[in-house]
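Read the structure below first, then the notes.
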Amino acid sequence: MGEVYEKLMRCYDSVRKQIDFTPQVALVLGSGLGDYAESIRVEATLDYHDIEGFPVSTVPGHKGQFIFGYVGDVPVVCMQGRVHYYEGYPMSDVVLPARLMKLMGAQVLFLTNAAGGVQLGMHSGDLMLITGQIASFVPSPLIGANLDELGPRFPDMSEIYNRDLIQIVRKCAAELSIDLKEGTYLQFTGPAYESPQEVAMARSLGADAVGMSTACEAVAANHMGMKIVGISCISNLACGISPVPLSHKEVQEAADKVAPQFKALVTRTIEEIGKTCR
Ligand code: HPA
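Numbered per the numbering used here, the sequence shown spans residues 2 to 279.
Here's what the structure looks like:
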């Protein structure tokens, strides 16, 4: 058995010893959704520090715990705080939590993040449904010996973001009168924000938003056959489009401002997933 798989199984055993809960949906909370826990009927929480070998985030504003509970009557596990590649973790650690949540039983991975808007027509405070992604600027989490227990060596990537879930988000946004944007998310490594030239490149490649997370998690989850749905909160216009320099504080403040709408959309979507994906 490889080291990566062994570590994953150690984390899984550690969680199972402490928590007896089978989630249907795994939700990763990005900036701005940090307090989404308030929308969950919480059954249990598990600090990342209490999971043997689990990678713990160092980013300000990112708490580090799993929350187990219900959104409506849908059992969810929710990551309050994720780890990023730029923190220095190997990619296998960055995607370990997503893999772990699949092992817990989650069939759906709901990814959220804050991102910089790249296409003209995007505004700070927009919500963008992720319909596709470019992960080529970060190492693949699947590099190394294939974990045959999790998925195939050469996984198909033609529908990373599940078509049915995309429809559900569109419907929920319309019901909530949210002007939902859609587009392609491109992941850079960070931690520096992009230069104007990199943003121009991203735009010419077809990206609509850029960020420092999510796509690698989607690659690993797709490998395991999870159904994936993703929404970006456009917290700022990316560098070169924005008239002002970027700061983490302002990105967080902008994400916080749109949080009520974002939370409503996430809640409605999860409830709908519960109805249609049993
Ligand atoms: N670039 C990269 N990541 C981000 C941005 C950005 O402009 N905003 C929020 N996360």
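Glycine included, every Cβ here is placed at the ideal spot set by N, Cα and C. Nothing here was measured: the structure is a model prediction, and the numbers come from that model.
Could you please give the first and the last residue of the uninterrupted beta strand (DSSP E) stretch that includes L112? Residue mapping note: residue 112 aligns to position 111 of the sequence shown, counting from 1. Run containing L112: V109 to G118, per the beta strand (DSSP E) assignment.
Straight-line Cα distance separating P261 from I235: Residue 235 sits at position 234 when you count from the first residue of the sequence shown. Residue 261 sits at position 260 when you count from the first residue of the sequence shown. Straight-line Cα distance between these residues: approximately 14 Å.
Status (buried if at least 16 other CB within 10 Å, exposed otherwise) for E218: Position 217 of the sequence shown, counting from 1, holds the residue named residue 218. Classification for E218: buried.
Given 7 Å as the limit, tell me if G191 has its C-beta closer than that to any heavy atom belonging to ligand 1. Within the sequence shown, numbered from 1, the residue matching residue 191 stands at position 190. Checking the Cβ of G191 against ligand 1 gives yes.
Segments assigned alpha helix (DSSP H), at least 4 residues, entirely inside the region 199-260: 216-224 and 249-258
Any C-beta of chain C under 8 Å from that of V5: You won't find chain C in this structure, because it holds only one protein chain.
First and last residue of the uninterrupted alpha helix (DSSP H) at L101: Numbered from 1 along the sequence shown, position 100 holds the residue referred to as residue 101. Segment L97 to M105, the alpha helix (DSSP H) holding L101.
Do you know offhand how far Q168's Cα is from V72's? Along the sequence shown, one-based indexing puts residue 168 at 167. Along the sequence shown, one-based indexing puts residue 72 at 71. Whole-angstrom Cα-Cα distance: 20 Å.
Suppose the cutoff is 8 Å on Cβ atoms and the five residues either side in sequence are ignored; what does the same chain contact list for Y139 look like? Translated into the one-based positions of the sequence shown, residue 139 becomes position 138. In the sequence as presented, Tyr is not what sits at residue 139; that position holds Val. Excluding positions up to five away in sequence, the list reads Y86, M92, Q188, F189, T190, A216 and C217.
If you run the structure through DSSP and keep just helix, strand and coil, what is F263? Here the question's residue 263 lines up with position 262 in the sequence shown. In the structure shown, F263 sits in a helix (DSSP, three-state: H, G or I).
Measuring from the CB of S236, is there a heavy atom of ligand 1 at a distance below 7 Å? As a working mapping, residue 236 is identified with position 235 in the sequence shown. For ligand 1, at least one heavy atom lies less than 7 Å from the Cβ of S236.
Per the contact definition of three or more C-beta pairs closer than 8 Å, is the region 115-122 in contact with the region 11-26? no
Quick check: the Cα distance between V220 and V245, rounded to an integer number of angstroms? The sequence position of residue 220 within the sequence shown is 219, counting from 1. The sequence position of residue 245 within the sequence shown is 244, counting from 1. Taking the straight line joining both Cα atoms gives about 33 Å.
For I161, does the three-state DSSP call read helix, strand or coil? Reading the sequence shown from its first residue, position 160 is the one you call residue 161. Note: I161 maps to coil in three-state DSSP.
Please report the residue range of the beta strand (DSSP E) in which E4 lies. Start at 1 with the first residue of the sequence shown, and residue 4 comes out as number 3. It is not in any beta strand (DSSP E) - E4 instead sits in the alpha helix (DSSP H) that spans E4 to Q19.
Per DSSP, what kind of secondary structure is Y194 in: helix, strand or coil? To locate residue 194, count along the sequence shown from 1; it is residue 193. Coil at Y194, not helix or strand.
Going by DSSP in three states, R42 sits in which element: helix, strand or coil? Residue numbering aside, residue 42 sits at position 41 when the sequence shown is read from its first letter. In the structure shown, R42 sits in a strand (DSSP, three-state: E or B).
Just tell me which of F69, G226 and C79 has its CA closest to the CA of D149. Locating residue 149 in the sequence shown gives position 148, counting from the first residue. Out of F69, G226 and C79, G226 has the C-alpha closest to the C-alpha of D149.
K103 versus G207: straight-line alpha-carbon distance, rounded: Your numbering for residue 103 matches position 102 in the sequence shown. Your numbering for residue 207 matches position 206 in the sequence shown. Cα to Cα, the separation comes out at about 30 Å.
So, with DSSP's three-state summary, where would you put L166? Looking up residue 166 in the sequence shown gives position 165. L166: helix per DSSP, three-state reduction.
If we call anything under 8 Å between Cβ atoms a contact, is M105 one with V29? Taking the first residue of the sequence shown as position 1, residue 105 is located at position 104. Taking the first residue of the sequence shown as position 1, residue 29 is located at position 28. No, the Cβ-Cβ distance between M105 and V29 is not below 8 Å.
With hydrogens ignored, establish whether the beta-carbon of A201 is closer than 7 Å to any heavy atom of ligand 1. In the sequence shown, counting from the first residue as 1, residue 201 sits at position 200. False, no ligand heavy atom lies under 7 Å from that Cβ.
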